[in-house]
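So for the sequence shown, my numbering puts the first residue at 62; every next one is plus one.
Think of the CB as a built atom: it goes at the ideal place given N, C-alpha and C, for glycine as much as any other residue.
If you're wondering where the values come from, they're calculated on a predicted model, not measured in any experiment.
Take a look at the structure set out below.
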Amino acid sequence: MKIPVVLIAVALTLSACASARDNRMATGAAIGGASGAVVAGPVGLVVGAGAGALIADNTRAHRYRLHCRYSEYYGRSVCRYW
């Protein structure tokens, strides 16, 4: 009985440190794994979880912005996307 409680406590502790991207990938993996398990059993669970995580990560909103700063050494502004 102690082992499941410890595992749940560790999982909750680690999930508190997750970013929005990590949460989105975990949700995609859970949805993909559940649908894969319904369709094809254990193998479908693994494949569906992997596919769900990849799709969730690649369909997120990319918010790259152009940041510029003035460089005194070169005498011009330096701009980068990040």
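Nearest neighbour of residue i, chosen from the options [CA to CA]
i      : options                     : result
Gly105 : Ala81, Gly94, Gly113, Ala70 : Gly94
Asn119 : Ala101, Gly102, Met86       : Met86
Leu115 : Asn84, Ala77, Leu75         : Asn84
For residue i, the first and last residue of its enclosing alpha helix (DSSP H)
i      : result
Ala112 : 81-119
Ala70  : 63-76
For residue j and residue i, the rounded distance between their alpha carbons
i      : j      : result
Ala79  : Ser138 : 35 angstroms
Lys63  : Leu73  : 15 angstroms
Val107 : Leu68  : 21 angstroms
Cys140 : Ala77  : 34 angstroms
Pro103 : Gly97  : 8 angstroms
For residue j and residue i, believed in contact at Cβ under 8 angstroms, the rounded distance
i     : j      : result
Arg82 : Arg121 : 6 angstroms
Cβ contact check for the region 78-92 and the region 110-120: 3 or more pairs under 8 angstroms: In this structure the region 78-92 touches the region 110-120; the number of beta carbon pairs closer than 8 angstroms is three or more.
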